[in-house]
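In what follows, a structure is listed as structure tokens, so that the remarks can point back to it.
Numbering (the numbering used here), first residue to last: -17 to 191.
Next comes the structure, spelled out in structure tokens:
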């Protein structure tokens, strides 16, 4: 990232990536920080203000998906700084079968729709970490990924069962996998066994120029 560029932080949580990216793209750049979790979004806004980055960061309290419409956003925990909440009709709050604390009716849109409506600018770099719906968000930005000025890099969390789908979608748009980032424990096991861990990772894809 460099000054003047645009960054999408999808799954911004409380804004750790957002603040880092905002400093890298200043002056002249923009960071669009997408976070549907209410408490996380409130903390995100607070962190943006504390760091006086209001002219750089555009906080977006909406869910992203492959299509527009309402569905349940289920909170795994309602507290700030938490993760594993999910936008999905298949998740049910308050059950003994893995449901979260509470479910909120929330509207989702797509990156492509936001771009077509002129609400956001096309990005140079994208980060997606939403604990499971990465494949749907990627489908919802198919036009962006096909642009002649498509993002230079896409960082996406790869988890089963959609790891192969996400990888092939990006490769089909001209992106190459350049690196994978595992947790410290997973990286240590890989060093010990010489085998790739059978768990999720953050992967960085770069577009061929």
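Where is the CB? At the ideal position from N, CA and C, for every residue including glycine.
7 Å Cβ shell around residue i - same chain, five flanking residues per side excluded
i: residue 183; result: 140, 162, 163 and 164
i: residue 9; result: -15
i: residue 4; result: 13, 35, 38 and 39
i: residue -1; result: -9 and 109
i: residue 79; result: Caution applies to residue 79, whose pLDDT of 44 falls short of 50 and renders its modelled position unreliable; the value that the coordinates give is listed next. Correct list: empty, nothing qualifies.
i: residue 29; result: -4, -3 and 1
Among the options, nearest to residue i - alpha-carbon criterion
i: residue 20; options: 134, 32, 86 and 119; result: 86
i: residue 55; options: 95, 97, 114 and 96; result: 114
i: residue 126; options: 104, 152, 17 and 119; result: 104
i: residue 66; options: 95, 91, -6 and 130; result: -6
i: residue 98; options: 111, 124 and 112; result: 124
i: residue 45; options: 146, 15 and 133; result: 15
i: residue 151; options: -12, 187 and -4; result: 187
i: residue 112; options: 144, 102 and 24; result: 144
i: residue 57; options: 50, 148, 28 and 18; result: 18
i: residue 33; options: -4, 50 and 64; result: -4
i: residue 50; options: -12, 96, 149 and 153; result: 96
Neighbourhood of residue i by C-beta distance below 8 Å, restricted to the same chain and skipping five residues each side
i: residue 60; result: 20, 21, 83 and 84
i: residue 47; result: 53, 69, 90, 91, 92, 115, 118, 119 and 122
i: residue 24; result: 62
Cβ distance (whole Å) where residue i is taken to contact residue j below 8 Å
i: residue 138; j: residue 116; result: 5 Å
i: residue 189; j: residue 132; result: 6 Å
i: residue 155; j: residue 185; result: About 14 Å separates the two Cβ atoms, so there is no contact after all.
Residues of its chain near residue i, where Cβ-Cβ distance is below 6 Å and the 5 sequence neighbours each way are ignored
i: residue 89; result: 52
i: residue 77; result: Confidence at residue 77 is low in this model, with a pLDDT of 47, below 50, so the placement of that residue should be treated as unreliable; the coordinate-derived value is given next. Nothing meets the Cβ criterion.
i: residue 2; result: none
i: residue 6; result: -17
i: residue 43; result: 23
Element boundaries [alpha helix (DSSP H), containing residue i]
i: residue -9; result: Per DSSP, residue -9 belongs to no alpha helix (DSSP H); it is in the beta strand (DSSP E), -12 to -8.
i: residue 127; result: 124 to 128
i: residue 121; result: 116 to 121
i: residue -1; result: -2 to 7
i: residue 109; result: It is not in any alpha helix (DSSP H) - residue 109 instead sits in the beta strand (DSSP E) that spans 107 to 110.
i: residue 140; result: Where residue 140 is concerned, there is no enclosing alpha helix (DSSP H), although the beta strand (DSSP E) it sits in stretches over 135 to 140.
i: residue 146; result: 145 to 154
Start-to-end residues for the beta strand (DSSP E) that takes in residue i
i: residue 92; result: Element bounds for residue 92: n/a, residue is neither H nor E.
i: residue 184; result: 183 to 189
i: residue 162; result: 157 to 163
Discussion item. Runs of 3 residues minimum, wholly inside the stretch 14 to 74: which ones carry the beta strand (DSSP E) assignment?
Written reply: 39 to 42 and 51 to 57
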